[in-house]
Amino acid sequence: MTNPAISALAEAIGDRHVQTGDDIEPRFRTDLRGTLHAAPLCVVRPGSTEDVSAVMRIATAHHIPVTTQGGRTNTVRGAMSAETGIVLSLDRMTRIDDLDIKSMTLTVQAGAPLQMVQEAAAEAGFLVPLDLGSRGSATIGGVISTNAGGLRAVRWGVAREMVLGLEAVLADGTVADGLKKMLKDNAGYDWKHLMIGSEGTLGVVTRATLRLRPMPATTMTAFCALQSFDDVYDLLRDLDRDMGGQITSFELMWPELYHLVLDHYPERTAPLPRTFPLYVLVEAMGGDPAGDPARFEAALGTAIESKLVIDAVIAQSERERADLWAFREDIGLPMRAKGPMYAFDVGVGLSDIPETVRRTVAAVRTDYPDAFILTYGHAGDGNLHFVIGVGEYNDAAERRVDLAVFGAVKAARGSISAEHGIGLAKRDDLHFSRRPGEIALMRTLKRALDPDNILNPGKVINMDETFTGPVVA
Ligand SMILES: Cc1cc2nc3c(=O)[nH]c(=O)nc-3n(C[C@H](O)[C@H](O)[C@H](O)COP(=O)(O)OP(=O)(O)OC[C@H]3O[C@@H](n4cnc5c(N)ncnc54)[C@H](O)[C@@H]3O)c2cc1C
């Protein structure tokens with residue numbers, strides 16, 4: 002017997018854009034770790050905002066959960082659907098509607114990959130400041146729904162700072178069209194900020210107007226060695242001051258990661274000796290080809306004189322720049338070669354980073370004295386990654402490591418998710434980052450915008466009022 006909801010979906014958006022049963026492509030069930038999840042009721046691939054609205058109306062009428070998928074680059078099972086749900090893939094919605102060179106804005110459908118949008122803007126002489134390692138797959142809707150940060154947050158902030166206007170479809174199919182090109186709109190609630198970072202639990206982002214910047218004429222990149230974490234603060238402040246606010250990236254690497262990459266790629270030339278306690282990849286962008294490189298060199302020279310930097314290399318070509326970034330970006334294969342590890346993307350204030358690292362390492366080593374711990378992060382958004390191998394890979398070990406990391410994060414009033422979101426994987430640990438009053442407010446918002454709980458249900462917040470967090474002792 003044909004499912005009436007599936008028939009209605011096929012009629013609304015076209016037969017060939019609805020996949021069911023064995024026709025469902027594996028990619029829609031596969032998360033970033035490669036795990037194949039149970040097949041959803043169906044996958045729908047709308048082509049327009051009107052299609053998304055029709056899907057939501059049908060889902061609401063039939064009480065069927067809807068999980069929106071972008072590039073599926075999150076690690077928290079945020080875009081995986083239950084067997085009873087609809088996967089709403091925006092992979093057909095990649096059109097750029099408008100590139101306004103006077104307002105310096107770009108309006109695009111939410112399924113467009115970030116890199117595609119960066120390239121379109123670059124052709125017109127503009128920069129999309131948001132940049133992440135997953136740029137080739139992560140979509141505009143995905144980066145907005147997870148409030149992505151990334152590699153240039155020091156200067157231009159995170160996704161929230163770049164979204165001027167938003168169009169979203171609500172649970173009942175209502176289209177909230179807030180596509181604006183202004184930086185400020187004080188006419189009523191700025192509701193777009195509710196959608197940004199809500200992981201598809203409050204609405205489906207269908208289009209966005211992004212703020213562009215003129216394409217910088219210069220990019221200066223250096224790899225620096227520091228004697229101590231305490232020098233990070235002075236270095237970031239002094240370099241940014243001396244460069245007149247041009248510092249875009251400030252990537253921290255503890256030596257274990259640098260050694261791992263060097264050992265995995267022995268053919269690569271080490272830019273700096275292995276002997277230092279901390280490495281920083283720093284990048285600046287500017288508009289003065291005659292002056293910027295010399296200013297960058299002078300700023301680093303001053304930092305070396307004042308011993309904030311012990312040693313440094315500056316990229317002299319685009320090739321050398323890519324080689325330096327490779328030490329920060331080509332880390333996936335070396336890590337996988339070490340066997341299964343537990344990965345974290347936590348966030349704390351810059352000043353809390355050393356203590357959070359110390360507490361985490363101490364707590365993990367209480368249970369696992371020989372644990373292998375890699376630490377790195379984006380100083381721009383306070384994002385700290387731990388990748389931890391403890392010699393066993395099972396639920397009990399994972400929980401022990403989770404508690405070690407989350408305990409340290411809670412002590413710093415930090416965030417258990419600085420990148421991938423909460424999704425399903427971290428939902429019941431939300432209380433490590435959020436106070437009870439905040440969680441109550443989140444439940445109120447969720448109930449108001451999605452009374453039937455059909456938008457990505459089960460993700461981000463546990464809606465059971467009696468749930469106050471798992472027993473951890
Ligand atoms: C190599 C690598 C590097 C990364 N670097 C960074 C980084 O530097 N900074 C950072 O913040 N993150 C980073 N990430 C994490 C990830 O890429 C981001 O979270 C990204 O924003 C997710 O985009 P996506 O399109 O893949 O979304 P998905 O993974 O498909 O979805 C993420 C969540 O958003 C929801 N969603 C997706 N699209 C929509 C939509 N249109 N409307 C409503 N909800 C939607 C989904 O339901 C899900 O809950 C990295 C990931 C990888 C693999």
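Quick note on this note's numbering: the sequence shown kicks off at 2 and runs consecutively.
Just so it is clear, CB atoms sit at the ideal spot from N, CA and C, and this is done for glycine as well.
If you're wondering where the values come from, they're calculated on a predicted model, not measured in any experiment.
query: Please state the DSSP three-state secondary structure of residue 16.; result: helix
query: Taking three-plus beta-carbon pairs below 8 Å as touching, is the region 241-249 in contact with the region 305-317?; result: no
query: Identify every run of the beta strand (DSSP E) within the region 310-353, keeping only runs that are complete inside it and at least 3 residues long; order them along the chain.; result: 312-315, 343-348
query: Going by alpha carbons, who is nearest to residue 483 out of 164, 40, 90, 100?; result: It is not possible to answer for residue 483, since the shown part of the chain is limited to 2 through 474.
query: Helix, strand or coil, according to DSSP, for residue 77 in the structure here?; result: coil
query: Express the C-alpha separation of residue 358 and residue 376 in angstroms, rounding to a whole number.; result: 8 Å
query: Determine the burial state of residue 184: buried for a count of at least 16 other Cβ atoms within 10 Å of its Cβ, exposed for fewer.; result: exposed
query: Just the C-alpha distance for residue 60 and residue 67, rounded to the nearest angstrom, thanks.; result: 7 Å
query: Sorry if obvious, but does the Cβ on residue 415 come closer than 7 Å to a heavy atom of ligand 1?; result: no
query: Please specify which runs of the beta strand (DSSP E), each continuous and at least 3 residues long, are wholly inside the region 146-225, giving them in chain order.; result: 164-170, 176-179, 205-212
query: Where does residue 2 fall in DSSP's three states?; result: Its pLDDT being 49, under 50, residue 2 is placed unreliably by the model, and the measurement read from it follows with that caveat. Coil at residue 2, not helix or strand.
query: Check whether the Cβ atoms of residue 52 and residue 11 lie closer than 8 Å to each other.; result: no
query: Using 8 Å as the threshold, is the region 275-291 in touch with the region 333-342, meaning 3 or more CB pairs across them?; result: no
query: Expressed to the nearest angstrom, what Euclidean distance is found between the alpha-carbon atoms of residue 179 and residue 405?; result: 42 Å
query: Mapping the DSSP letters down to three states, classify residue 252 as helix, strand or coil.; result: strand
query: Are the CB atoms of residue 456 and residue 202 within a distance shorter than 8 Å?; result: yes
query: Have a look at the DSSP bridge pairing and note the partners of residue 110.; result: 208
query: Hey, residue 102 and residue 125 are a contact pair by Cβ (cut 8 Å); roughly how many whole angstroms apart?; result: 6 Å
query: Going by C-alpha to C-alpha distance, which of 303, 220, 208 sits closest to residue 323?; result: 220
query: For ligand 1, any of its heavy atoms closer than 7 Å to the Cβ of residue 116?; result: no
query: Answer yes or no: does any C-beta atom of chain B fall closer than 8 Å to that of residue 164?; result: Note that chain B does not occur in the displayed structure, where there is just one protein chain.
query: Please report the straight-line C-alpha distance between residue 71 and residue 199, rounded to a whole angstrom.; result: 14 Å
query: May I ask whether a heavy atom of ligand 1 can be found less than 7 Å away from the beta carbon of residue 349?; result: no
query: Hey, how far is the Cα of residue 222 from the Cα of residue 273?; result: 14 Å
query: Would residue 379 and residue 268 qualify as a contact pair, given that the criterion is a beta-carbon distance under 8 Å?; result: no
query: Which residues bound the beta strand (DSSP E) around residue 416?; result: Unbroken run through residue 416: none, as it is neither H nor E.
query: Thinking C-beta only, is residue 361 closer than 8 Å to residue 387?; result: yes
query: What is the DSSP secondary structure of residue 87, counted as helix, strand or coil?; result: strand
query: Kindly indicate which residue of 373, 213, 205 has the alpha-carbon position closest to the one of residue 261.; result: 373
query: From residue 23 to residue 329, what does the alpha carbon distance come to, in whole angstroms?; result: 40 Å
query: Check whether the Cβ of residue 426 lies closer than 7 Å to any heavy atom of ligand 1, and answer yes or no.; result: no
query: How many whole angstroms separate the CB atoms of residue 114 and residue 146, which I take to be in contact at a CB cut-off of 8 Å?; result: Actually they do not touch by this definition, with Cβ atoms about 14 Å apart.
query: Considering only residues of the same chain and omitting the five flanking positions on each side of residue 401, which have a CB-CB separation below 6 Å?; result: 368
query: Could you have a look at residue 228 and say whether DSSP puts it in helix, strand or coil?; result: coil
query: Measuring from the CB of residue 376, is there a heavy atom of ligand 1 at a distance below 7 Å?; result: no
query: Buried or exposed for residue 186, please, with buried defined as at least 16 other CB atoms from any protein chain shown within 10 angstroms of its CB.; result: exposed
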